[in-house]
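K.L.:
One structure is given below, represented as structure tokens, and several questions about it will come after.
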Amino acid sequence: MASEEFNNELDNMFNENTEYSNINIDREILKNFFVIEGLDGAGTTTQLKLLDKELSVRNIPHLCTFEPTDFEIGSLIRNILHKKTKANRDTIAFLFAADRNEHIYRKDYGIIDHLDKKELVICDRYLFSSLAYQSVDCGFNFVFSLNSRFPLPEYLIYIDTPVMISQERINKRPGNELFDIKVFQEKVRKNYANIFKLFSMSRMKIITVKGDRPIKAIHNSIMDIILKDRLKDRLKNRQV
Ligand code: ATM
Numbered sequence: 021m022a023s024e025e026f027n028n029e030l031d032n033m034f035n036e037n038t039e040y041s042n043i044n045i046d047r048e049i050l051k052n053f054f055v056i057e058g059l060d061g062a063g064t065t066t067q068l069k070l071l072d073k074e075l076s077v078r079n080i081p082h083l084c085t086f087e088p089t090d091f092e093i094g095s096l097i098r099n100i101l102h103k104k105t106k107a108n109r110d111t112i113a114f115l116f117a118a119d120r121n122e123h124i125y126r127k128d129y130g131i132i133d134h135l136d137k138k139e140l141v142i143c144d145r146y147l148f149s150s151l152a153y154q155s156v157d158c159g160f161n162f163v164f165s166l167n168s169r170f171p172l173p174e175y176l177i178y179i180d181t182p183v184m185i186s187q188e189r190i191n192k193r194p195g196n197e198l199f200d201i202k203v204f205q206e207k208v209r210k211n212y213a214n215i216f217k218l219f220s221m222s223r224m225k226i227i228t229v230k231g232d233r234p235i236k237a238i239h240n241s242i243m244d245i246i247l248k249d250r251l252k253d254r255l256k257n258r259q260v
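In structure tokens form, the structure reads like this:
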């Protein structure tokens, strides 16, 4: 779908007379759940690894996790992304949603069970990746409906990287994946902007972090967001 069409679709959502009026933006928020998003090459995976180390050093109970997962459906998705097996674009959208469902709800291993154990959960990509990537080929409404029942994180942290920079980083990596093409990434970047506009009506906090900086500077910005929130919570508890 062209981004202008996506924009129109988004504009229509604000019109009460359209089928989009029931769109569920203000849904359940999972406290202590942080999601990191960005274009391919934005460095979300690098940042997740750094956070994992730092939270361990600080003895903060946490789970650093990612989508596609390393559960069964996630592994199938990786094979499709690495072009080892083929699937129709709509099938890929279904698979991402199915993988997510396991990721959130699987007993003992899922995100909800970790949050229930009072751990912070930080996830590299979540439903916003589906909305940004799969909407390019499958249309926003279809992808939104597949993901309409999933809860939102408390914080969505977006590492904003210009396509040119993310493309330079991708080109340095061996092999290429299904969505690595420049024009595709440009559409994905526009989609992210539209999605954030849409979700600004929710109670989820959306924070953009500039991605064209050294890895350590980006890491510090993300740590600040996570720690500030914990500090606020502790102060609140002390006042009670
Ligand atoms: P990582 O490279 O962050 O592991 O993600 C793999 C790809 O999966 C990434 N592609 N690029 N380019 C984004 C894509 N993806 C989706 O298309 N939809 C989704 O729902 C998710 C979670 C990831």
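Each number in my numbering corresponds to the 1-based position in the sequence shown with 20 added.
Where a beta carbon is used, it is the ideal one built from N, C-alpha and C, also for glycine.
(1) Could you tell me which residues DSSP pairs with His123 in its beta bridges?
(2) Return yes when the Cβ of Met221 is within less than 8 angstroms of the Cβ of Ile49, no when it is not.
(3) For Ile177, count neighbouring Cβ atoms within 10 angstroms of its own Cβ and tell me buried if that reaches 16, exposed if not.
(4) Report the residue from Ser149, Pro182, Asp144 and Phe204 whose alpha carbon sits nearest the alpha carbon of Glu68.
(5) Could you give the first and the last residue of the continuous beta strand (DSSP E) run that contains Glu57?
(6) Which word fits Tyr125, buried or exposed, when buried means at least 16 other C-beta atoms lie within 10 angstroms of its C-beta?
(7) Leaving out the 5 sequence neighbours to the left and right, which residues in its chain are closer than 7 angstroms to Gln205 when beta-carbon positions are compared?
(8) Taking the Cβ atom as the reference point for each residue, do Phe162 and Leu147 lie within a distance shorter than 8 angstroms?
(9) Do the stretch 119 to 134 and the stretch 86 to 103 touch if we need at least three Cβ pairs shorter than 8 angstroms?
(10) What does the alpha-carbon distance come out to for the pair Val203 and Lys236?
(11) Pick out the complete alpha helix (DSSP H) segments inside the stretch 82 to 157, 4 residues or longer, and give them in chain order.
(12) When you measure from the CB of Tyr212 to every non-hydrogen atom of the ligand ATM, does any distance come out below 7 angstroms?
(13) When we look at the beta-carbon of His102 and count the other beta-carbons within 10 Å, is it buried (16 or more) or exposed?
(14) CB Thr85 to CB Val141, shorter than 8 angstroms?
P.N.:
With the structure as the only source:
(1) In the DSSP assignment, His123 forms no beta bridge with any residue.
(2) No, they are not a contact pair.
(3) Flag for Ile177 reads buried.
(4) The sequence given here has Leu at residue 68, not Glu. Checked all of Ser149, Pro182, Asp144 and Phe204; the closest Cα to Leu68 is Asp144.
(5) It spans Ile49 to Gly58 - the beta strand (DSSP E) in which Glu57 sits, taken as one unbroken run.
(6) By the 16-neighbour rule on beta-carbons within 10 angstroms, Tyr125 is exposed.
(7) Counting only residues of its own chain and dropping the five nearest sequence neighbours on each side, Gln205 has a CB closer than 7 angstroms to the CB of Leu59, Asp60, Val183, Ser186 and Gln187.
(8) Taking 8 angstroms as the Cβ cut-off, Phe162 and Leu147 do not qualify as a contacting pair.
(9) By the C-beta criterion, the stretch 119 to 134 is judged to be in contact with the stretch 86 to 103, since at least 3 inter-stretch pairs fall below 8 angstroms.
(10) Using only the alpha carbons, I get a separation of about 29 angstroms.
(11) As far as the stretch 82 to 157 is concerned, its whole alpha helix (DSSP H) runs of at least 4 residues are 92 to 101, 109 to 125 and 131 to 136.
(12) No, the ligand ATM has no heavy atom inside 7 angstroms of this Cβ.
(13) Exposed.
(14) Thr85 is a Cβ neighbour of Val141, given a cutoff of 8 angstroms.
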